[in-house]
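Peer 1: Right, I'll just put the structure down here and ask away after.
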Amino acid sequence: MAYRPACMEQATIPHPTASSASSPLPPGPRGPAIAQALLYARDPLGFLIRLQKRHGDVFTVAFPYFGRAVYLASPPLVKSIFTGSPERFHAGEANATVLEPALGPNSVLTLDEAPHMRQRKLLLPPFHGEQISHYGELMREITMQEMESWPVGEPFALRPHTQRITLAVIMRAVFGVHDEDRLTRFEKLIEDFSARVNLVIALPPLRRSFGRWSPWSRFLRAREALDEFIYEEIAIRRAEVEAGSEGHDDVLSLLLSARHDDGSPMSDEELRDELVTVLGAGHETTATGLAWAMERLLRAPDVLQRLRESVKAGEEDYLDATVKETLRARPVIVDVARKLTEPAQIGGYDLPAGTFVMAAIAALHYREDIFPKPQEFRPERFLEAKADTYSWIPFGGGVRRCIGAAFAEYEMRIILREFVARADLSAPDPKPERVKVRNITLAPGKGTRVRLNRPLSA
Ligand code: HEM
């Protein structure tokens, strides 16, 4: 984290007269957009790291349908878009291009400016540090229960298990569902929705109906069924809150009591969109982060040994550093987008309105000058220096920084602690797992194959 601020002069300057016709975009790979998209899809982490090495801190990638995106890979440049005016840098509009069909028009992820802040203000308190510590015991219980299903002596993929854990946590801690029958129904509806949503998100041209069995029609049916369940839950929880019944510290109950600045409560449609947003943004991301943590640890025995000892001694620091190093070395999300609403000069280039400007998370995390020997998995770097706001950015930044960052890190610490303290795991194949795009996350290619060498310790 010894970043030298040599490129501080590369600030972002509003440039109302910039002309798109006369200004070349930053350099980038040649070749058709489809070829660039395929290289990105095959290994986004390696692709962005290579481009930063080849072209420097600002480079352009062309994507089919979405057009050209300008990537920024230095802390000052990333800072300039994270702290830039939310009127100029639209994250919601950029996210909506991909996510709106799933999340809806009221989602904190797809809104901009005042409407975005209106939702964000209400969503932040339930995910605040003090509030989330209420969920610690629940997270631990769910983890212990899931670990009981691990086979002894046979290789298995860990990621489906981490997914079940984080899904159970969201269903209970966020939605407040505890009834077993309803949990089973909910899980099935989420499964159906997840199975249908990815295709229509990845391929916007599919977003129209070609008949009852077309991907769009099937997606709409899955969304309707999930929404019906969520509206039922909202009604149940509202009745409980209004009756003043005790013991509801789930996020939905907290949101039902929250009020906008004008005193109005959240509408059912707003609640639905935010709940689906949290489900989409918070479940698979955390599960994948956990799968990567074990994938990396099993290939760094010294780190695993130190972590096990520190966990057994009841220490938190090395565990926290391990979570941070995992999210550095394997950022679950490789880039975040802002769409320019007006021309701007960024990194010495005049960019026209409408350009997608991206923080290249992956490239930044692999800069030698910030993270020496970036290929090494070394949690110690986060004991030696604090994670910097514009260099370590797995959760994005500025007014759009991930609302669930504290929740995710806390959950990863709780779950990882159980894994490391109770399970003697090894990797059946010592080769590092390839990075693979799964939905919108970067996942281990084989889902983190592990073997439990002996029964879990108590
Ligand atoms: C390891 C786990 C996670 C990772 C890597 C992650 C990453 C991200 C990233 C990169 C963004 C975009 C930030 C930006 O545009 O600058 C984001 C936004 C968001 N995340 Fe997360 N996230 C994780 C877990 C969670 C969890 C657990 C929740 C909720 C329980 C959550 C809720 C959200 C929400 C609501 C937003 C939208 C914020 C806004 O636009 O104002 N995330 N996340």
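Read in this note's numbering, the sequence shown has 153 at position 150, and its numbers run on one by one without any break.
Every residue gets a Cβ at the ideal spot worked out from N, C-alpha and C, and that includes glycine.
1. Look at the alpha carbon of residue 434 and the alpha carbon of residue 284, and state the distance between them as a whole number of angstroms.
2. Locate the alpha helix (DSSP H) running through residue 320, then write down its first and last residues.
3. Can you name, in chain order, every residue of its own chain whose Cβ lies under 7 Å from the Cβ of residue 126, other than the five neighbours on each side?
4. Quick check: is any heavy atom of ligand 1 less than 6 Å from the C-beta of residue 410?
5. Look up residue 439 in the DSSP assignment and give the residues it is bridged to.
6. Just checking my contact of residue 268 with residue 452 at CB under 8 Å: how many whole Å lie between their CB atoms?
7. Give the straight-line distance between the Cα atoms of residue 338 and residue 375, rounded to the nearest whole angstrom.
8. On the CB-based measure, 16 or more other CB atoms within 10 Å of its CB, does residue 135 come out buried or exposed?
9. Flag residue 397 as yes when its Cβ comes closer than 6 Å to any non-hydrogen atom of ligand 1, and as no otherwise.
10. Among the candidates 81, 72, 201 and 120, whose CA atom is the shortest distance from the CA of residue 103?
11. With respect to the beta strand (DSSP E) encompassing residue 348, which residues constitute its N-terminal and C-terminal limits?
12. Out of 38, 89, 41 and 62, point me to the one whose CA is closest to residue 401's CA.
13. Quick test of the definition: if touching needs 3 or more C-beta pairs under 8 Å, does the segment 108-124 touch the segment 380-393?
14. Which residues does DSSP list as the beta-bridge partners of residue 63?
15. Just tell me which of 459, 436 and 244 has its CA closest to the CA of residue 162.
16. Apply the 10 Å Cβ neighbour rule to residue 227 and answer buried if 16 or more other Cβ atoms are within range, or exposed otherwise.
17. Below 6 Å, is the gap between the Cβ of residue 280 and the nearest heavy atom of ligand 1?
18. If you reduce the DSSP assignment to three classes, tell me which class residue 89 lands in.
19. Helix, strand or coil: how does DSSP classify residue 339 here?
20. Tell me which residues share the same chain as residue 170 and place their Cβ nearer than 6 Å to its Cβ, disregarding the 5 neighbours each side in the sequence.
21. Taking only the alpha-carbon atoms, compute the straight-line gap between residue 377 and residue 326 and give it to the nearest angstrom.
22. Within 10 angstroms of its Cβ, does residue 37 collect 16 or more other Cβ (buried), or is it exposed?
23. Does any heavy atom of ligand 1 sit closer than 6 Å to the C-beta of residue 416?
24. Helix, strand or coil: which one does DSSP assign to residue 196?
25. Using a Cβ-Cβ cut-off of 6 Å (strictly less than) and excluding sequence neighbours within five positions of residue 324, which residues of its own chain qualify?
26. How long is the line joining the alpha carbons of residue 122 and residue 230, rounded to whole angstroms?
27. Within a Cβ cutoff of 7 Å, which residues of the same chain sit near residue 298, ignoring the five residues on either side of it in sequence?
Peer 2: On the basis of the supplied data:
1. 30 Å
2. 320-332
3. 111, 277 and 406
4. yes
5. 446
6. Contact doesn't hold; Cβ gap of about 47 Å is too wide.
7. 21 Å
8. buried
9. yes
10. 201
11. 347-349
12. 89
13. no
14. 73
15. 436
16. exposed
17. yes
18. coil
19. strand
20. 286
21. 16 Å
22. exposed
23. no
24. helix
25. 382, 385 and 386
26. 19 Å
27. 436, 447 and 451
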